[in-house]
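Participant: For the sequence shown, this note's numbering gives the first residue as 10, with consecutive numbering after it. Positions of the beta carbon are idealized from the N, C-alpha and C atoms, including for glycine. Note that the structure is predicted; figures quoted are calculated from it, not measured. Have a look at this one.
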Amino acid sequence: MRLAIVLGLAAGLLLTGCDAAGQEAPPAAPTRTTPPAAPTRTVPPTTAPVTPASTRPPVTVDAPCPYAGAAAVMDIVGQHITRTTVTSTTPHPGCAFYRPNGEKAADLAVSVLASATAAQAEAIRLTGPGANPVDTVADGGTVAITGDGALLAVSKARALVVVRINQPVSLEAIELAKLVVARL
């Protein structure tokens, strides 16, 4: 019990700010209850790389082609067409025409390049160096006979029109290209 009294008196003296001799004790150094804050540095926000807006992948559906009807394509290629699909590509859709056995008879695609010169160069590159020139459609291009049929590429300003048919005949490809170019 005496120990408790002694401790109580000592605590009282400390709380009143007096030392054991009755003199006022110097003020104690302030105590910190939290660590000192780290110096702050202002850093400008970094700029994230700009990425193009996400685009939806192309969707292909059974639908009429905006460039040519199935009957017109059937007349040009001389094959029955039982199915037409449209692929939602930007800014122009693509079309495919199918025979009754499911084989693709014709494929039409349109893309837009950075310049008319780029579109013309791509029309020539796509068909290769041995392709024949096409001067009767839009700004011209080339057509090549391949193992799978005919491949034609022509430009109209910045637009690149690509026609593939399952026959090794360039005349039909040229006629289909004229239909597409007329609708651009």
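To which residues of the same chain is Val86 closer than 7 Å at the C-beta, ignoring the five residues directly before and after it?
Facilitator: What you label residue 86 is simply residue 77 of the sequence shown in a count that begins at 1. Excluding residues within five positions, the ones whose Cβ falls inside 7 Å are Ala114, Ala115, Ile174, Gln176 and Glu181.
Participant: Quick check on DSSP: helix, strand or coil for Ala34?
Facilitator: Along the sequence shown, one-based indexing puts residue 34 at 25. Low local confidence applies: a pLDDT of 49 at Ala34 is under 50, so the model's placement there is unreliable, with the coordinate-based value given in what follows. In the structure shown, Ala34 sits in coil (DSSP, three-state: anything other than H, G, I, E or B).
Participant: Between which two residues does the beta strand (DSSP E) harbouring Val170 extend?
Facilitator: One-based indexing of the sequence shown puts residue 170 at position 161. Per DSSP, Val170 belongs to the beta strand (DSSP E) from Ala168 to Ile174.
Participant: State buried or exposed for Gly103, treating a residue as buried only when at least 16 other CB atoms are found within 10 Å of its CB.
Facilitator: For the purposes of this step, residue 103 is taken as residue 94 along the sequence shown, with counting starting at 1. Gly103 comes out buried.
Participant: Touch check for the segment 94-112 and the segment 75-84: three-plus C-beta pairs under 8 Å?
Facilitator: Note that the segment 94-112 touches the segment 75-84; at least 3 beta-carbon pairs, one per stretch, sit closer than 8 Å.
Participant: Can you tell me whether Leu169 is buried or exposed, with buried defined as 16 or more other CB within 10 angstroms of its CB?
Facilitator: Along the sequence shown, read from residue 1 onward, the residue named residue 169 stands at position 160. The residue in question, Leu169, is buried, as its Cβ has 16 or more Cβ neighbours within 10 Å.
Participant: Determine the DSSP secondary structure at Ser97, reduced to helix, strand or coil.
Facilitator: Sequence index remark: in the sequence shown, residue 97 carries index 88 (1-based). Reduced to three states, the DSSP call for Ser97 is coil.
Participant: Below 8 Å on the Cβ atoms is my guess for Val178 versus Val163; work out the distance and round it to an integer in Å.
Facilitator: Translated into the one-based positions of the sequence shown, residue 178 becomes position 169. Translated into the one-based positions of the sequence shown, residue 163 becomes position 154. The pair is not a contact, with the Cβ atoms about 16 Å apart (cut-off 8 Å).
Participant: Whole angstroms are fine: how far does the CA of Thr155 sit from the CA of Thr69?
Facilitator: Taking the first residue of the sequence shown as position 1, residue 69 is located at position 60. Taking the first residue of the sequence shown as position 1, residue 155 is located at position 146. Distance between the alpha carbons of Thr69 and Thr155: 25 Å.
Participant: In the DSSP output, what is Ile154 paired with across the bridge?
Facilitator: As a working note, residue 154 is residue 145 in the sequence shown. According to DSSP, Ile154 bridges with Ala159.
Participant: Leaving out five residues before and five after Glu131 in sequence, what residues of the same chain have Cβ atoms less than 8 Å from its Cβ?
Facilitator: The residue labelled residue 131 in the question sits at position 122 within the sequence shown. Its chain contains Leu122, Ala162, Ser164 and Leu169 as the residues whose beta carbon lies nearer than 8 Å to that of Glu131, once the 5 sequence neighbours on both sides are disregarded; these appear in chain order.
Participant: Return the chain-ordered ranges of every beta strand (DSSP E) run that is complete within the segment 63-141 and spans a minimum of 3 residues.
Facilitator: 69-71, 92-96, 103-107 and 113-121
Participant: Pull up the distance between the alpha-carbon of Arg65 and that of Ala118, whole angstroms please.
Facilitator: In the sequence shown, residue 65 corresponds to position 56, counting from 1. In the sequence shown, residue 118 corresponds to position 109, counting from 1. Distance between the alpha carbons of Arg65 and Ala118 is about 18 Å.
Participant: Give the straight-line distance between the Cα atoms of Thr93 and Leu188, rounded to the nearest whole angstrom.
Facilitator: On the sequence shown, position 84 is the one that residue 93 refers to. On the sequence shown, position 179 is the one that residue 188 refers to. If I take the Cα positions, the gap works out to 16 Å.
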